[in-house]
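Visitor: Please find one structure pasted underneath; my questions will follow.
Numbering (the numbering used here), first residue to last: 65 to 384.
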């Protein structure tokens with residue numbers, strides 16, 4: 065049995081779980097780099113019966129799944145695979161397993177808070193100035209968050225955490241989503257606002273939505289144009305929630321700034337415009353990736369593969 069551990073871009077998988085039992089029963093190969101394209105993935109994964117994938121990293125469309133005839137188990141972390149054609153895998157007889165969300169579930173909202181604070185006070189620029197031997201040169205003064213308006217697009221578990229953080233900072237918290245009601249917003253510590261009002265009045269807009277056909281591109285050129293001049297957009301959810309071309313245009317025009325942890329295509333290309341724009345703060349999709357989360361992910365993933373080899377699969381993901 066050949067097992068591929070994919071997407072180990074941080075080279076941490078081997079230290080975050082005990083692989084002894086699995087290595088005694090299978091050949092385990094760790095992949096530390098991203099595949100250059102689907103042809104590269106198909107060629108390198110052709111002979112593997114088991115793939116252990118980190119969620120939302122390598123995409124597995126039907127065209128790639130068909131080129132993996134030996135695949136029997138697809139073990140992914142988490143339970144949502146927006147970039148994985150699960151129907152195509154099941155049609156090919158592949159068992160799909162997932163894991164818990166990992167950790168305490170607060171890591172992504174905590175990163176959103178960190179990005180908001182770091183953007184408001186120009187922390188990245190200040191750190192860079194200190195490291196190159198400077199001090200206050202080229203570091204513009206930041207702004208206080210107290211009294212500012214925090215607009216949350218999505219008020220689920222992570223959005224509610226962000227609402228609490230905003231309240232502690234003395235911000236006025238408003239929220240919108242398609243199914244949100246004023247009563248539900250109030251119960252989460254926010255005030256319901258129409259989408260247009262939220263965009264026009266928020267000093268900080270933070271996205272906390274699951275990517276779906278309904279939410280893809282929920283912020284396009286028209287929505288970005290409605291944002292308050294000088295506002296900050298935070299996206300720790302999924303890149304395609306925002307029209308990337310429209311966001312680049314808005315940033316190039318200097319109307320808004322953005323703090324981003326997620327992108328349309330990951331890893332972000334070396335020459336991507338986001339990297340050169342002065343009004344962006346960028347992190348490499350680390351929102352969910354806390355130590356506790358990775359330990360839970362890899363421990364449960366190893367358990368899933370061993371159970372499958374025993375003929376008694378666990379944590380099997382069923383069709384929605």
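A virtual CB, placed ideally from N, CA and C, is assigned to each residue, including glycine.
Would you kindly work out how many angstroms separate the C-alpha atoms of residue 307 and residue 227, rounded to a whole number?
Guide: 25 Å
Visitor: To the nearest angstrom, how far is the alpha carbon of residue 224 from that of residue 252?
Guide: 6 Å
Visitor: Grouping DSSP H, G and I as helix and E and B as strand, with all else coil, what is residue 143?
Guide: Looking at residue 143 - three-state DSSP - the assignment turns out to be coil, as it is neither helix nor strand.
Visitor: How far does the beta strand (DSSP E) with residue 91 in it reach, from first residue to last?
Guide: 91-94
Visitor: When DSSP labels each residue in this structure, what does residue 303 get in the three-state scheme?
Guide: helix
Visitor: Assuming contact is defined by CB atoms lying nearer than 8 Å, are residue 347 and residue 325 in contact in what I supplied?
Guide: yes
Visitor: Which same chain residues, not among the five before or five after residue 290, have their C-beta less than 7 Å away from its C-beta?
Guide: 260, 263 and 264
Visitor: Quick check: the Cα distance between residue 164 and residue 359, rounded to an integer number of angstroms?
Guide: Between the C-alpha atoms of residue 164 and residue 359 there is a straight-line separation of about 11 Å.
Visitor: Please tell me whether residue 81 and residue 114 are closer than 8 Å, where the distance is taken between their beta carbons.
Guide: Contact: no.
Visitor: Hey, quick one: how far does the beta strand (DSSP E) through residue 159 stretch, first residue to last?
Guide: 159-161
Visitor: Starting from residue 238 and walking both ways along the beta strand (DSSP E), at which residues does that stretch end?
Guide: 236-240 is the extent of the beta strand (DSSP E) around residue 238.
Visitor: Restricting to Cα atoms, I'd like to know which of 255, 171 and 136 is closest to residue 245.
Guide: Of the listed residues, the one whose Cα sits closest to residue 245 is 255.
Visitor: Smallest Cα separation from residue 368: which of 117, 304, 194 and 337?
Guide: 117
Visitor: Work out the CA separation of residue 322 and residue 296 for me, nearest whole Å.
Guide: 5 Å
Visitor: Can you tell which of 354, 361, 342 and 124 has the C-alpha that lies nearest to the C-alpha of residue 204?
Guide: 342
Visitor: Could you name the residues of the same chain whose beta carbon sits closer than 8 Å to that of residue 281, not counting the 5 residues immediately before and after it, in chain order?
Guide: 304, 305, 306 and 307
Visitor: Given a threshold of 16 other Cβ atoms within 10 Å of its Cβ, counted over all protein chains shown, does residue 299 qualify as buried or as exposed?
Guide: With 16 or more other Cβ atoms within 10 Å, it is buried.
Visitor: If you measure between the beta carbons of residue 351 and residue 172, is that distance less than 8 Å?
Guide: It is a contact, given that the beta carbons lie within the stated cut-off.
Visitor: What do you get for residue 272, buried or exposed, if any count of 16 or more other CB atoms within 10 angstroms of its CB means buried?
Guide: With 16 or more other Cβ atoms within 10 Å, it is buried.
Visitor: From the DSSP output, in three-state form, read off residue 215 for me.
Guide: Here residue 215 sits in strand by DSSP.
Visitor: Out of curiosity, what's the CA-to-CA distance linking residue 149 and residue 126?
Guide: About 6 Å.
Visitor: Can you tell me whether residue 314 is buried or exposed? The criterion is at least 16 other CB atoms within 10 Å of its CB, across all chains shown.
Guide: buried
Visitor: Applying the 10 Å Cβ sphere with the 16-neighbour rule, what's the burial state of residue 88?
Guide: exposed
Visitor: Does DSSP put residue 298 in a helix, a strand or coil?
Guide: strand
Visitor: Roughly how many whole angstroms lie between the Cα atoms of residue 209 and residue 292?
Guide: 15 Å
Visitor: In whole angstroms, what is the alpha-carbon distance linking residue 123 and residue 152?
Guide: Computed Cα separation, rounded: 13 Å.
Visitor: The alpha helix (DSSP H) with residue 180 in it runs from where to where?
Guide: For residue 180, the enclosing alpha helix (DSSP H) stretches over residues 171-184.
Visitor: For residue 138, collect the residues of the same chain with a Cβ closer than 6 Å to its Cβ; drop the 5 residues on either side in sequence, then sort them by chain order.
Guide: 115, 153, 158 and 160
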